[in-house]
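With the sequence shown counted from 1, adding 952 to any position gets you my numbering. Think of the CB as a built atom: it goes at the ideal place given N, C-alpha and C, for glycine as much as any other residue. Because the structure is a prediction, the values reported are computed rather than measured.
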Amino acid sequence: MIINRANLASMYVALNTVFNNAFEGAPSYHEKIAMLVPSNTRYNDYKFMMQFPMLREWIGDRQIRNLAAASFQIANRDYEATVEVDSNDIEDDQLGVYHPIVAELGRAARQHPDLLLATLISEGFTTPCYDGKTFFATDHPVASGTQSNNGGGSGTAWYLFDATRAIKPFIFQRRSLPRLISQDSPDDEHAFMRKKFRYGVDYRGAVGYGLWQLAYGSKDTLNTTNYIAARAAMMQLTNDEGTPLGVAPNLLVVPPALEGQAKELLHADFMGVTGEGTKTNVWRGTAEVLVVPWLK
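Here it is as structure tokens:
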């Protein structure tokens, strides 16, 4: 192939198609647990989350919670990945060898929020959320008391989420979509000096904590007893007036090390043999199992 502007433009179109197809086809889980929030500025303010939205009987004046002084902001960040294409490969019509690399760029761009969320989830035991407490805490302030979404323990962490609502336990804030860009002008100094053309992907965005009430984290043993306790703790959460929030946990998230325990807990027909014989697993299907490879 002759290296000129027309051929390089055609090559970019082909690579962009490979990138977009891989991006759209890559499996991803972040949409299950993170609400997508478009962003038009450097950061978004989520002070609205400081009041779990619920209706009440309208008696007298409306009850208005003043959030003017409150603030919980998530700032956007920049992310990128870049590869180089040798001009000799273009001349020799060897561009096909780069298609898998560009496809991997598309897959990585699609799954990057998954990776960011895995880190955010793991750090939930030590990182504060909007109320100043760690996201998974035993003492979230509610009215004059506290409530817990932390099961304790010191082993491998597992998580239970309510992912049934429009508001999710986490936030994926998207400032711009991932895009494939090129530095492929024949007159570029990098091409002149090194015979290389560059292709990269970039986007702007961020992840952050949403409503802690929709999430439960535990480092205690993943077994039937602790799973029941986690469900009960979430379903018993109330708002400031003592009204149950109606939390409905439906997603059990585990690292690969706990995949077997999670699937046995929620997929098995029976719970094993007891003194009274085989016992039906009444918790089968009460939540979906999601194994996240980036969790530890």
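Check your understanding: By a C-beta neighbour count over all protein chains shown, 10 Å radius and 16 as the cutoff for buried, is alanine 1184 buried or exposed?
Key -> exposed
Point to revise | Contact set for glutamine 1213: own chain, Cβ-Cβ below 6 Å, skip 5 residues either direction | key: Leu1174
Review point. Per DSSP, what kind of secondary structure is arginine 1062 in: helix, strand or coil?
Key: helix
Check your understanding: Name the DSSP beta bridge partners of valine 1241, please?
Key -> Leu1204
Check your understanding: Taking all protein chains shown into account, do 16 or more other C-beta atoms lie within 10 angstroms of the C-beta of isoleucine 1123, making it buried, or fewer, making it exposed?
Key -> buried
Point to revise | Top-ranked residue by Cα proximity to arginine 1126, from Thr1230, Asn972 and Pro990 | key: Pro990
Exercise for review: Give me whichever residues DSSP pairs with tyrosine 1168 in a beta bridge.
Suggested key: The beta-bridge partner set that DSSP reports for tyrosine 1168 consists of Leu1112.
Review point. Going by the CB atoms, is the gap between leucine 1210 and threonine 1108 shorter than 8 Å?
Key: yes
Point to revise | For threonine 1173, three-class secondary structure by DSSP | key: coil
**Study point:** Neighbourhood of threonine 1230 by C-beta, 7 Å cutoff - its chain only, sequence neighbours within 5 removed
**Key:** Phe1222
Practice item. Could you round the C-beta distance between glycine 1076 and lysine 1171 to whole angstroms and report it? I think they count as a contact, below 8 Å. Key: No, glycine 1076 and lysine 1171 are not in contact; Cβ-Cβ is about 11 Å, not under 8 Å.
Exercise for review: Identify whether alanine 966 lies in helix, strand or coil by the three-state DSSP scheme.
Suggested key: Alanine 966 falls in the helix class under three-state DSSP.
Check your understanding: Three or more C-beta pairs closer than 8 Å, one from the stretch 1086-1096 and one from the stretch 1151-1159: is that the case here?
Key -> no
Check your understanding: Under the rule that 16 or more other beta-carbon atoms within 10 Å means buried, what is valine 1037, buried or exposed?
Key -> Buried, because 16 or more other Cβ atoms sit within 10 Å of the Cβ of valine 1037.
Review point. Grouping DSSP H, G and I as helix and E and B as strand, with all else coil, what is serine 1128?
Key: coil
Point to revise | glycine 1104, enclosing beta strand (DSSP E) - first and last residue | key: 1102-1105
Check your understanding: What residue does the beta strand (DSSP E) around leucine 988 start on, and which one ends it?
Key -> 986-990
Review point. What is the rounded straight-line gap between the Cα of tyrosine 998 and the Cα of isoleucine 1073?
Key: 18 Å
Point to revise | Inter-residue spacing [alpha-carbon to alpha-carbon] between glycine 1169 and leucine 1204 | key: 10 Å
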